[in-house]
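Chains as they are written, first to last, in the numbering used here: chain A, 1 to 319; chain C, 320 to 638. These notes concern the structure reproduced below.
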């Protein structure tokens, strides 16, 4: 293993920053987490990150690259972070440049949903595929797109924002002024709200605590019709946004991850049905709808894998 | 001009088939049209096409390739036509193979909206661009997508069907079972229906004839508020579908062609406004919304250009 290059993957979240060392798709050491909200500005947090990296390198001298997944818009070629969702003090921060100065290693900075997509494509469910859509369902809804064996980034490298696409041109106005954004229907909080409203309308009011996606899944698994219906509702809305991806991009697979995807077949079965009912044959005959391989570790795995590839290593072949 | 390879472009429509000879982006001869509806089966029409090609080649011996744009789903690598919208007798027809047998020239078969996108990208408004969406607005709504300097075709080469994407997950069920398809809101016939309803609801009923897109444009240009409002309504719906393309693909330009686009600034001004109001900064700061260069000739120009490129000629460089 000594001559196989390792990489550090950093998953920068709104609550904490997780860092780990990746060896052929496996996280072999994880560093203590950094509490994101302890830092009001970017620079001290970047310094702390450099310290974490330095500590990890003591145990793993063959580390060759560092990848960072960020919860916001990133200019991929320069590694400039435009701004972050839910984190103060990050506005036009040249993260790649600063970390390269501090660590003297090649650094790659990418959007977190793209890292998740990358993990699934190179190390997970999408391995070997050429055309795939990856979507992550949690508090937010993110996505990444691979076409013709290439990650799609677009003109300003911000492509893949599936959660911001609309399913209703007259829907409520979202974070960016967009009407009817998918994320505003099937984000974690919105699922809870949907459940609260549904139970209330049936004269069986429940608490917010009882309406978390996990609790609804448990109730549905026990056969409760209202809970099953809530997942069908979520699936129908998700199908609408995914059908747009299919008509536009004709992928061979859609890979679904994130906490909400833990509903499993409660979500996947009605989704599969609703999606296929809205596609013509050449769009659906080879289409696969698949659960993601990775859970919470997707960000570290994807960021580290991408960083190795950007540094010139063939991750398909050896790692 | 004798050593510059020419190509024949064929624009296969539901009403007629148009064929022309392309020289550096210009149609230098057009053949008599073939009436599509005179043929109940594919083979006799293919024979007639071969005759038209043979006639054109008598005047232009340097023709090196033939491109055909088809109104339906095509398997690009093999040139197999899955099926056509509005034309009988076309079901799994190996058009490329048959025409190559009959003409002994390389033949390329592509979806018509992709041909239009190709024309704009290689010879029109999108020249030199790397990431663009082309949309054509007429009886149907079609599209073509170029990303990273490559036409996007997807797993079964049927990508780009913008008209089938939804703008309302609870909308009416369309041709392929899809709910709320854009085409079912802003196709030619639907604009007329919208105008009929709008005028009727205002107590100023008009005839179907008076409600064609052309007539509404004329009324709007004369300052009639109802007509202006109809175009604003169409623009808002179109903006919704195009905003999805922007969030997903982050293009540098959206190029809009087809008969309905002749409404000009009546459509483009409210479209630009509604689209930008629903995008965050990195998605819109360099985004351009542009009218197509080509009108009815887009199909011939795109098909011929694509055919030349497929035959190994560098159309960016010389033609």
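Ideal Cβ positions, reconstructed from N, Cα and C, are used throughout, including at glycine. Just so you know, these numbers come straight off a predicted model, no measurement behind them.
Residues near residue 595 of chain C in its chain [Cβ-Cβ closer than 6 Å; skip 5 each side]: 603
Local Cβ density within 10 Å of residue 99 of chain A, reported as buried at 16 or more and exposed below that: buried
Test: residue 591 of chain C CB closer than 8 Å to a CB of chain A: no
Span of the alpha helix (DSSP H), counted from its first residue to its last, around residue 613 of chain C: No alpha helix (DSSP H) holds residue 613 of chain C; DSSP gives it neither H nor E.
Short CB-CB distance (under 8 Å) between residue 556 of chain C and chain A: yes
For residue 190 of chain A and residue 632 of chain C, the rounded distance between their alpha carbons: 53 Å
Neighbourhood of residue 125 of chain A by C-beta distance below 8 Å, restricted to the same chain and skipping five residues each side: 253, 255, 290, 291, 292, 293
Residue 492 of chain C versus residue 237 of chain A - alpha carbon distance: 15 Å
For residue 166 of chain A, three-class secondary structure by DSSP: strand
Whether residue 102 of chain A touches residue 50 of chain A by CB criterion (8 Å): yes
Collapsed DSSP secondary structure at residue 599 of chain C in the structure displayed: coil
Same chain, Cβ closer than 8 Å to residue 402 of chain C, neighbours up to 5 away in sequence not counted: 391, 392, 409, 410, 411
Closest residue to residue 261 of chain A among A:296, A:8, A:315 (Cα-Cα distance): A:296
Member of C:476, C:326, C:497 whose CA lies at the smallest distance from the CA of residue 167 of chain A: C:497
Nearest to residue 577 of chain C (by Cα), restricted to the options C:382, C:463, C:564, C:527: C:463
Nearest-angstrom Cα separation, counted from residue 495 of chain C out to residue 482 of chain C: 11 Å
Whole-angstrom distance between residue 138 of chain A and residue 29 of chain A, CA atom to CA atom: 26 Å
Chain-ordered neighbours of residue 487 of chain C on chain A, where CB pairs are closer than 7 Å: 168, 169
Cross-chain neighbours of residue 495 of chain C in chain A, by beta carbon under 8 Å: 278, 279, 280
Pair within 8 Å by beta-carbon distance, residue 490 of chain C and residue 427 of chain C: no
CA-to-CA distance, residue 423 of chain C to residue 78 of chain A, given in whole angstroms: 50 Å
Identity of the residues DSSP links to residue 132 of chain A by a beta bridge: A:146, A:253
Residue 619 of chain C to residue 12 of chain A span [Cα, whole Å]: 51 Å
Assigned secondary structure, residue 547 of chain C (DSSP; H/G/I helix, E/B strand, else coil): helix
Closest by C-alpha distance to residue 25 of chain A, when choosing among A:298, A:96, A:206: A:298
Below-8 Å beta-carbon distance, residue 479 of chain C vs any chain D residue: Of the protein chains in the structure, A and C, none is chain D.
beta-carbon residue 172 of chain A near the ligand HEM non-hydrogen atom, thresh 7 Å: Annotation note on the ligand HEM: not contained in the displayed structure, which lists no ligands.
DSSP-derived helix/strand/coil call for residue 60 of chain A: coil
Interface partners of residue 70 of chain A on chain C, CB under 8 Å: The contacting residues do not exist; residue 70 of chain A stays about 13 Å from chain C at best.
For residue 349 of chain C, the three-state DSSP class (helix, strand or coil): strand
First through last residue of the alpha helix (DSSP H) which encompasses residue 639 of chain C: Outside the displayed span of chain C (320 to 638) sits residue 639 of chain C, for which this structure offers no information.
Residue 241 of chain A vs residue 231 of chain A beta-carbon contact at 8 Å: no
Residue-level contact to chain A via CB, residue 535 of chain C, 8 Å cutoff: no
Chain-ordered neighbours of residue 148 of chain A on chain C, where CB pairs are closer than 9 Å: 466, 467, 469, 471, 472, 473
Whole-angstrom distance between residue 117 of chain A and residue 14 of chain A, CA atom to CA atom: 19 Å
Pick from C:625, C:529, C:634 that is closest to residue 328 of chain C, judged by C-alpha positions: C:625
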